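These notes are about the structure you will find just below.
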Amino acid sequence: MSLIVLLLLPFIGSCLAAVLPHDARNRESILAGLVALTGTVAVALMYPQVAHGGVICETFEWLPGLGLNLTLRMDGFAWLFSLLVLGIGTLVSLYARYYMSPDDPVPRFFAFFLAFMGAMLGLVMSGNLVQMVFFWELTSLFSFLLIGYWHHRADARRGAYMALAVTGAGGLCLLAGVIVLGQVVGSYDLDTVLAAGEQIRASHLYPVLLTLILIGALSKSAQFPFHFWLPHAMAAPTPVSAYLHSATMVKAGVFLLARLWPSLSGSEQWFWIVSGAGACTLLLGAYAAMFQNDLKGLLAYSTISHLGLITLLLGLNSPLAAVAAVFHILNHATFKASLFMAAGIIDHESGTRDIRRLSGLFRMIPFTATLAMVASAAMAGVPLMNGFLSKEMFFAETVFITSTAWVEAALPAVATIAGTFSVVYALRFTVDVFFGPPATDLPHTPHEPPRWMRAPVELLVLLCLVVGIFPAQSVGPLLAAAALPVVGGESPAYSLAIWHGFNAPLIMSLIAMGAGIVLYLLLRGQLRRGRLQRPPLVGRLSGKRLFERSLVLLMRLARRSERWLTTRRLQPQLFMLVLVAVVAAVIPLLHSGLSWGLRPKIAGSGVFVTLWLIAIACALGAAWQAKYHRLAALTMVSVCGLMTCITFIWFSAPDLALTQLVVEVVTTVLILLGLRWLPRRIEDVQPLPGHERRARVRRVRDLLLAIATGGGMAALSYAMLTRATPNHISEFYLRKALPEGGGSNVVNVMLVDFRGFDTLGEITVLVATALAIFALLRRFRPPRESIQLPAQQRLLAPDVVTDLVNPRQASDTALGFMMVPAVLVRLLLPLAVVVSMYLFMRGHNQPGGGFVAGLVMAVAFILQYMVAGTQWVEAQMRLRPQRWMGTGLLFATLTGVGAMVLGYPFLTTHTAHLHLPVLGEVHVASALFFDIGVFCVVVGSTLLILTALAHQSVRAHKPSGLPKPIAPPQGSA
């Protein structure tokens, strides 16, 4: 299977899961399981290609000039992580089928779950650092949605927000570090970065980029001091917790540390930061886990501890320690996923996760209890379990490290103490829950879960045993293939045997197990009686409290800044915005100056100077009349737009002239619709003392700023137009437009080919803007003063008020008064459609194109609304602007993807000459379909914005929106 297909498979499954019905729990789980299982099999079949240092790579050019390409890369390490992501995802999909309640919105769960799987898969297969950061942030986003899945619970909302805030902020630091790293290396390609370790460490920017990247990695894997967010993520459903803690979200940080180990490790800074954070996390997580009374809370803190162990190993600057870290990543994934699923079964069957209430469950659920005890033994590092082997490798690395004297003495002690704590919390998970007198106050009577709900736990526990008993035969080749890329291509010598003799690591293991049993017996009574509600010594050091207080402080600072710098009045906001723009433009001019060029003038400029003087006069008149007569002001502003259109024609820019003309029409209609709902100006109100003087000062101030802004723009434009500019850019487009873009209209070829990605971004922004305006106007109601008729009008024309109360009758009345324009506009609609299609079809070689054609089509539809009324038009035809926009984005995106499928850069144009029976030879470019997308987006967005404004008329004339008509006074005629 191709890597791009493997990456897209979970996202396609997510889209399919989102549209399945609410009661399709079986189909949802089968879909998710099949997607994950298919990916697992495909990844497993790639093993021969990556077994001995091989790399599978697929590259799709995107922005090669900036070093940004879609690169998918599968080596041994990425293969191992992909197998974990997809394999454990398959088991979690099966488990979730039985865990999730039929009352839950299961389609949403599996849609988020599959999207999260795809994001994690994209992260581990990324061969470009910027692309890796993109998928990194996607994992934060989808984990936020999964943690907050039960959004009706306050703890779920808080946990999701905390996880997103911490990991999202870390992701921003990672992005900054990646950008600096790319500048140091000269490339964002992962292979280039991995080969430039000496160059990176020798750079003066190494401390900066290392700190930024480590903040991102440590925050993602909940390492000290960012460890506080992970326990609060336990508000997620247990299948999510099992997936996040074993193979995905929290493993992303250690994955990044291991992935960049050949480039960033080997320095003192790396050792102290990474190993220091890992050691602190290892101890704090294990210590806090002993005192947790919630099963998932215990497992969460144990996850923090084991991630600290992996981080500590990666920070030791030893290739053998890096191999041990990779081995423990694999082992931790198996026993931690099985433990979370077992905890979910206990919660599902008994109704509680409180260890103090659980006791004697072995008699009620013996199979589940046996599985949980084996997995707990693996977590504690008991011999013949997979966790024992990687723990022994960890102990060996702490014993044989070469460093300062206190580090050589402290590290084995830290490892032994952490091992002791791990035995204690493993015993709490097993002895306190499964042995002792049977619990009597449980919400439900526990019994064994359905057979297939327990099957994923059985398979994972079997792996723990097989790897623990037959390590070299079962996991040896896989570990060698996965560790080889991490250590830089030359694997150190190591042994996966169960028995290495009576040595220091074995003695540390025995001490840890014996001390752990003793410490458990000492603490058991106090913990069962609830005397230790929080960990002693560090119980008051709450990262959550510090995080929340920091948020409160930031919110207070933001509100004070808002009071100082902002106002709710629109006029001061616009004044400050324009003033800042003017100052930002003046600062570089003060440094470099502004001078005119010697470019010769164009003949006939006197006529256009006269036209511009007319435009200036209209602009001044519009500014003056805006206070008294808005329609006159709008008319004069339109004259300014017309002069701009004529200027474009004068400068031989017919495409811009066409677009300007149609945009002017649309803008005029938009402003007319908006002006209708502005409140009337009240002239007979007595002004407050000093108000007139302040108003006069404000008007003079605004006039001066307007003159400075307009004069500055005119000066900049004149300076640019009079200078002889280098024409190599225009020569490039003129030379390449026809042979490479397939069209002679250079402007259109630029928009749909050379700068097609810019155009795709612009139409996406246009869609987002239209949807935002539509969402804002859906619940908007015009102010009463803008629709309330004066008393005299109500007295003299009560029938008008009646028409306003009945909008359908009002529409019929308006149509009766405007019958001739209505007929003409209806006859104009097919003609406008023909003109629109003409402009669209000629756009690739002559002035026109999808944008102007879409505007012409939209104007044709808007004219129907203006003359016949909103209700009449929508009763006759259903335009559905949202579908227009969606279709347009789909056409534009598929055009670009089609080029990539054929092996060309995104949105590369291809041309063909078709011989049709009647039409003869027809020249067709693939940019035609991209232009169809632009056309549809422009039509849909323009219609959505204008009709959303037009619908205010219907809302304003509802009976609840107007006061009752006032009856004429008694005795009146």
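Numbering (mature numbering (1 follows the signal peptide of the UniProt record, and there is no 0)) for the sequence shown: -17 to -1, 1 to 956. Backbone N, C-alpha and C define an ideal beta-carbon position, used for all residues, glycine too. Bear in mind the structure is a predicted one, so any value in this text is a computation, not a measurement.
Candidates the options, of which the one nearest residue i by Cα
{"i": "Ala567", "options": "Thr692, Trp579 and Arg539", "result": "Thr692"}
{"i": "Val357", "options": "Leu446, Ser288 and His311", "result": "Leu446"}
{"i": "Met868", "options": "Cys919, Ala933 and Leu617", "result": "Cys919"}
{"i": "His35", "options": "Ala463, Leu899 and Ala476", "result": "Ala463"}
{"i": "Arg738", "options": "Tyr716, Val223, Leu926 and Ile756", "result": "Tyr716"}
{"i": "Leu193", "options": "Gly298, Asn276 and Val839", "result": "Gly298"}
{"i": "Ile915", "options": "Thr876, Val884, Leu899 and Ala933", "result": "Thr876"}
{"i": "Ser65", "options": "Phe383, Leu461 and Val407", "result": "Leu461"}
{"i": "Arg532", "options": "Leu(-11), Pro47, Val2 and Met145", "result": "Met145"}
{"i": "Ser405", "options": "Gly364, Pro420 and Pro439", "result": "Gly364"}
{"i": "Val590", "options": "Trp633, Leu655 and Pro420", "result": "Trp633"}
{"i": "Asp685", "options": "Phe274, Ile928 and Phe558", "result": "Phe558"}
{"i": "Phe43", "options": "Leu28, Asp172 and Gln166", "result": "Asp172"}
{"i": "Leu51", "options": "Arg242, Ala707, Trp547 and Ile162", "result": "Ile162"}
Secondary structure of residue i, DSSP reduced to three states
{"i": "Ser109", "result": "strand"}
{"i": "Phe60", "result": "helix"}
{"i": "His896", "result": "strand"}
{"i": "Ala564", "result": "helix"}
{"i": "residue 996", "result": "As shown, the chain starts at -17 and ends at 956. That puts residue 996 outside it, with no answer to give."}
{"i": "Ala615", "result": "helix"}
{"i": "Leu51", "result": "strand"}
{"i": "Ile338", "result": "coil"}
{"i": "Glu380", "result": "helix"}
{"i": "Trp133", "result": "coil"}
{"i": "Leu(-10)", "result": "helix"}
{"i": "Asp87", "result": "coil"}
{"i": "residue 964", "result": "No answer is possible for residue 964: it lies beyond the span of the chain, which begins at -17 and ends at 956."}
Cα-Cα separation, residue i to residue j
{"i": "Ala200", "j": "Val880", "result": "32 Å"}
{"i": "Asp415", "j": "Leu344", "result": "9 Å"}
{"i": "Leu759", "j": "Ser373", "result": "57 Å"}
{"i": "Trp119", "j": "Leu97", "result": "15 Å"}
{"i": "Phe371", "j": "Arg8", "result": "39 Å"}
{"i": "Leu699", "j": "Arg681", "result": "27 Å"}
{"i": "Ala636", "j": "Gln182", "result": "50 Å"}
{"i": "Val24", "j": "Ala61", "result": "15 Å"}
{"i": "Ala205", "j": "Leu213", "result": "6 Å"}
{"i": "Asp638", "j": "Gln556", "result": "35 Å"}
{"i": "Phe318", "j": "Arg434", "result": "20 Å"}
{"i": "Gly280", "j": "Ala272", "result": "7 Å"}
{"i": "Cys(-3)", "j": "Phe93", "result": "10 Å"}
{"i": "Glu41", "j": "Gln114", "result": "13 Å"}
{"i": "Ala541", "j": "Ala137", "result": "24 Å"}
{"i": "Met538", "j": "Ser76", "result": "40 Å"}
{"i": "Phe99", "j": "Leu121", "result": "8 Å"}
{"i": "residue 966", "j": "Gly268", "result": "For residue 966 there is no data in the structure shown, the boundaries of the chain being -17 and 956."}
{"i": "Met376", "j": "Asp87", "result": "44 Å"}
{"i": "Phe256", "j": "Ser(-16)", "result": "Position check: residue 256 holds Ile in this sequence, whereas Phe was assumed. Ile256 and Ser(-16): Cα-Cα distance of roughly 39 Å."}
{"i": "Thr618", "j": "Ala605", "result": "8 Å"}
{"i": "Leu822", "j": "Ala836", "result": "6 Å"}
{"i": "Trp244", "j": "Val444", "result": "31 Å"}
{"i": "Ile(-14)", "j": "Ala102", "result": "13 Å"}
{"i": "Gly261", "j": "Leu295", "result": "4 Å"}
{"i": "Val149", "j": "Gly923", "result": "39 Å"}
{"i": "Ala774", "j": "Arg546", "result": "Residue placement at Ala774 is flagged as unreliable, the pLDDT there being 43, under the threshold of 50; the coordinate-derived value follows with that caveat. One C-alpha to the other measures close to 40 Å."}
8 Å Cβ cutoff met for residue i and residue j
{"i": "Arg336", "j": "Ile329", "result": "yes"}
{"i": "residue 971", "j": "Phe834", "result": "In the structure displayed, the chain extends from -17 to 956; residue 971 sits before or after that span and is not available."}
{"i": "Ala225", "j": "Ala320", "result": "yes"}
{"i": "Ala396", "j": "Leu63", "result": "no"}
{"i": "Gly154", "j": "Ser123", "result": "yes"}
{"i": "Ala841", "j": "Leu754", "result": "no"}
{"i": "Thr264", "j": "His210", "result": "yes"}
{"i": "Gly499", "j": "Thr403", "result": "yes"}
{"i": "Thr853", "j": "Gly725", "result": "no"}
Whole alpha helix (DSSP H) elements within the segment 193 to 258, 4-residue minimum: 212 to 215, 221 to 229, 234 to 242 and 244 to 247
field: Complete runs of the alpha helix (DSSP H) confined to the segment 690 to 731 [at least 4 residues]
entry: 711 to 724
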